[in-house]
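Following numbering that gives the first Met the number 0, the numbering of the sequence shown begins with 0 at its first residue and continues without gaps.
Beta carbons: idealized from backbone N, C-alpha and C, even for Gly.
Note that the coordinates shown come from a computational prediction; the quantities given were computed from them, not determined experimentally.
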Amino acid sequence: MYRKYLNLKLIKHYNKPIHSLKITADTYRMTTKIEHSYDVLILGSGAAGLSTALHLDPTLKIAVISKGDLSSGSTAWAQGGISAVLDETDSFEQHVADTLSAGAGLGDEQVIEKTVSEGQKVIEWLLSIGVGFTRSKNANSSHDLHLTQEGGHSHRRVVHVADATGNAVQNQLIEQVKAADNIDVLPHYIAVDLITTQKLGLEDNRCLGAYLLNRNSDQIEVFRANNVVLATGGASKVYLYTSNPDGTCGDGIAMAWRAGCRVANMEFMQFHPTCLYHPNAKSYLISEAVRGEGGKIVLADGTEFLHRFDSRGVLAPRDIVARAIDYMMKKHGLDCVYLDISHKSEAFIRKHFPNIYERCLALGYDMSKEPIPVVPAAHYTCGGVMTDSSGRTDLDQLYAVGEVAHTGLHGANRMASNSLLECLAYGRFASQHINLHARHDLPNIDIPAWDESRVADSDEQIVVAHNWDELRRFMWDYVGIVRTTKRMERAKHRIDLLQQEIDEYYSNFRVSRDLIELRNIAVVADLIIRSALSRHESRGLHYTLDFPETLANLDKVNTVLTPPQAKPTKPV
Numbered sequence: 000m001y002r003k004y005l006n007l008k009l010i011k012h013y014n015k016p017i018h019s020l021k022i023t024a025d026t027y028r029m030t031t032k033i034e035h036s037y038d039v040l041i042l043g044s045g046a047a048g049l050s051t052a053l054h055l056d057p058t059l060k061i062a063v064i065s066k067g068d069l070s071s072g073s074t075a076w077a078q079g080g081i082s083a084v085l086d087e088t089d090s091f092e093q094h095v096a097d098t099l100s101a102g103a104g105l106g107d108e109q110v111i112e113k114t115v116s117e118g119q120k121v122i123e124w125l126l127s128i129g130v131g132f133t134r135s136k137n138a139n140s141s142h143d144l145h146l147t148q149e150g151g152h153s154h155r156r157v158v159h160v161a162d163a164t165g166n167a168v169q170n171q172l173i174e175q176v177k178a179a180d181n182i183d184v185l186p187h188y189i190a191v192d193l194i195t196t197q198k199l200g201l202e203d204n205r206c207l208g209a210y211l212l213n214r215n216s217d218q219i220e221v222f223r224a225n226n227v228v229l230a231t232g233g234a235s236k237v238y239l240y241t242s243n244p245d246g247t248c249g250d251g252i253a254m255a256w257r258a259g260c261r262v263a264n265m266e267f268m269q270f271h272p273t274c275l276y277h278p279n280a281k282s283y284l285i286s287e288a289v290r291g292e293g294g295k296i297v298l299a300d301g302t303e304f305l306h307r308f309d310s311r312g313v314l315a316p317r318d319i320v321a322r323a324i325d326y327m328m329k330k331h332g333l334d335c336v337y338l339d340i341s342h343k344s345e346a347f348i349r350k351h352f353p354n355i356y357e358r359c360l361a362l363g364y365d366m367s368k369e370p371i372p373v374v375p376a377a378h379y380t381c382g383g384v385m386t387d388s389s390g391r392t393d394l395d396q397l398y399a400v401g402e403v404a405h406t407g408l409h410g411a412n413r414m415a416s417n418s419l420l421e422c423l424a425y426g427r428f429a430s431q432h433i434n435l436h437a438r439h440d441l442p443n444i445d446i447p448a449w450d451e452s453r454v455a456d457s458d459e460q461i462v463v464a465h466n467w468d469e470l471r472r473f474m475w476d477y478v479g480i481v482r483t484t485k486r487m488e489r490a491k492h493r494i495d496l497l498q499q500e501i502d503e504y505y506s507n508f509r510v511s512r513d514l515i516e517l518r519n520i521a522v523v524a525d526l527i528i529r530s531a532l533s534r535h536e537s538r539g540l541h542y543t544l545d546f547p548e549t550l551a552n553l554d555k556v557n558t559v560l561t562p563p564q565a566k567p568t569k570p571v
């Protein structure tokens with residue numbers, strides 16, 4: 000039985016600083032309690048979450064939670080493809096070597112080997128559920144899947160569905176999940192916080208479920224589960240310009256941190272080099288495959304420049320290409336650079352990039368006849384919640400899969416098209432571990448309802464909107480592609496003040512999606528800044544003018560942050 004007396008702030012707004020006040024069980028009844036029970040609660044409906052659900056034992060009762068519609072996450076936005084060794088001239092060893100090279104000395108070789116070796120199984124499974132990959136007979140292979148090449152890869156090994164792979168994969172996963180009798184799909188819920196035994200005053204620390212805001216009723220409901228899987232995606236929304244959908248606010252990272260889980264390598268935020276520069280495009284991503292098929296990065300006068308920064312030119316890893324573009328834009332005072340594939344035929348471009356072609360055409364650019372303007376934008380979170388090779392976190396009964404997790408696969412920079420591979424591979428790894436340790440009886444622990452009896456509706460939403468804008472702007476300006484200690488210290492000062500204001504606001508007003516997400520991006524921004532300030536070198540996606548060299552003694556040294564309340568139940 001949990002302690003009879005709990006802190007008011009702890010019940011009213013979970014995991015706030017403790018201010019002692021006795022609250023009895025009668026107080027809980029002031030808020031109507033809606034409670035759901037599942038064997039497995041999956042927060043997130045992208046490739047990682049859905050594949051986890053589909054690989055779980057069909058006797059388990061599963062809930063898949065989505066902030067919006069099931070297709071509202073980042074998976075549907077992924078254009079490039081899934082990396083897998085399928086060509087006879089390629090090898091697992093070369094895929095591992097390329098991933099290690101892109102990760103700039105921080106990738107975990109054992110994790111990379113395990114993930115890469117899963118590639119063929121992932122593709123075969125997706126084919127079995129109906130994903131229609133692009134076909135083209137290969138001279139060096141027994142299969143007819145078309146393979147393309149992207150930055151950092153030494154071979155053609157990217158399986159794709161034209162230029163909309165993520166959308167095709169997502170649609171098939173959704174169909175499979177909806178057809179499963181043991182899976183409940185719950186859209187339009189947003190997670191507020193994890194429920195743990197430690198927060199309820201018990202001595203051990205394990206995850207019991209989560210508080211979720213039902214966006215249809217504006218009521219916070221209790222979801223209890225034997226296992227919780229974070230598949231909430233990354234945190235690129237912390238930056239002003241991003242290629243990601245609006246929901247990528249680092250929710251899972253922030254919730255896991257507040258629950259006592261360590262995070263690692265948060266300084267490594269990947270900026271995609273080529274997002275369409277247009278006031279109405281909202282940072283529309285131009286796939287790296289365009290460069291893989293011959294696209295050039297040029298200045299307005301047609302001058303190529305990437306070879307000055309790396310011998311691989313347009314096929315250099317994303318961090319190098321993004322920094323080179325950032326350098327040229329700042330040096331010459333440019334608003335953008337250009338991506339030019341107009342030397343290819345219109346038929347070729349329409350065949351390989353039908354969606355990108357149509358999107359650009361709708362915005363006034365014919366990429367078969369002219370270069371298109373591009374700029375870098377925040378794209379992928381390479382760090383995250385620390386997990387083991389089965390997706391387990393520091394907190395017992397809590398797993399993390401996909402972009403929310405730090406597995407050791409990406410190191411200091413993610414190689415193109417390894418992201419969907421990771422989501423699908425770790426969905427299987429996590430489900431295998433859950434299946435082996437599955438239990439159907441929920442612990443007999445009373446979980447209080449979320450108490451909103453002492454909060455008010457805010458009539459000052461402008462405060463939340465202003466804080467959203469301020470945070471994302473100073474992160475872009477001070478903790479972006481190229482950093483300095485002075486800029487980052489300035490950002491740290493701003494985030495400390497902002498978090499105090501957010502905490503005060505959070506304590507006094509009824510929670511909303513905007514407030515929950517603002518709270519989470521503030522936590523993530525703080526973790527990014529602290530991690531970046533602690534790394535006194537430049538490596539991969541972290542480049543600072545004060546420490547421009549990469550230090551050999553920091554090879555394999557990850558940046559690990561531990562929350563003050565952490566009591567991990569096992570090493571990760």
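Please look up how many angstroms separate the CB atoms of residue i and residue j, rounded, as I've assumed it's under 8 Å.
i           : j           : result
residue 655 : residue 416 : Residue 655 is absent from the structure shown; the chain starts at 0 and stops at 571.
residue 490 : residue 477 : 4 Å
residue 147 : residue 321 : Between residue 321 and residue 147 the Cβ distance is about 20 Å, and since that is not below 8 Å, they are no contact.
residue 244 : residue 69  : At roughly 13 Å, the Cβ-Cβ gap does not stay under 8 Å, so residue 244 and residue 69 are not in contact.
residue 63  : residue 176 : 6 Å
residue 157 : residue 193 : About 35 Å; that fails the 8 Å criterion.
residue 110 : residue 388 : 6 Å
residue 41  : residue 230 : 6 Å
residue 233 : residue 403 : 7 Å
Would you kindly work out how many angstroms separate the C-alpha atoms of residue i and residue j, rounded to a whole number?
i           : j           : result
residue 293 : residue 73  : 26 Å
residue 259 : residue 512 : 23 Å
residue 552 : residue 546 : 14 Å
residue 431 : residue 481 : 41 Å
residue 27  : residue 198 : Note that residue 27 scores 37 on pLDDT, short of 50, meaning its location in the model is unreliable; the coordinates nonetheless yield the value given after this. Between residue 27 and residue 198, the C-alpha separation is close to 16 Å.
residue 265 : residue 178 : 37 Å
residue 575 : residue 121 : Residue 575 falls outside the range modelled here, since the chain spans only 0 to 571, and no answer is possible.
residue 467 : residue 515 : 11 Å
residue 336 : residue 563 : 44 Å
residue 249 : residue 392 : 16 Å
residue 350 : residue 161 : 7 Å
residue 437 : residue 239 : 42 Å
residue 537 : residue 261 : 23 Å
residue 92  : residue 115 : 9 Å
residue 184 : residue 428 : 22 Å
residue 324 : residue 314 : 14 Å
residue 565 : residue 203 : 11 Å
Please state the DSSP three-state secondary structure of residue i.
i           : result
residue 385 : strand
residue 369 : coil
residue 33  : coil
residue 164 : helix
residue 608 : Given a span of 0 to 571 for the chain in the structure shown, any question on residue 608 remains unanswerable.
residue 375 : strand
residue 325 : helix
residue 133 : coil
residue 272 : strand
residue 580 : Not covered by the structure: residue 580. The range shown for the chain is 0 to 571.
residue 361 : helix
residue 223 : strand
residue 309 : coil
residue 188 : strand
residue 318 : helix
residue 463 : helix
residue 408 : coil
residue 147 : strand
residue 206 : strand
residue 39  : strand
residue 213 : strand
residue 193 : strand
residue 559 : strand
residue 554 : coil
When every heavy atom of the ligand SAM is checked, does at least one fall within less than 6 Å of the C-beta of residue i?
i           : result
residue 525 : Absent from the structure shown: the ligand SAM. Ligands present: none.
Length at least 4, wholly inside the region 57–126: the alpha helix (DSSP H) runs in chain order: 91–101, 108–115
Continuous alpha helix (DSSP H) assignments of at least 4 residues falling wholly in the region 471–524: 484–507
Stretch pair the region 379–387 + the region 278–297: three plus CB contacts closer than 8 Å: no
Contact between the region 393–404 and the region 46–57 (3+ Cβ pairs under 8 Å): yes
Inside the region 229–305 only - beta strand (DSSP E) runs reaching at least 3 residues: 268–275, 295–297
At least three beta-carbon pairs within less than 8 Å, the region 207–227 to the region 32–46: yes
Sufficient close CB pairs (3 or more, under 8 Å) joining the region 332–348 to the region 294–303: yes
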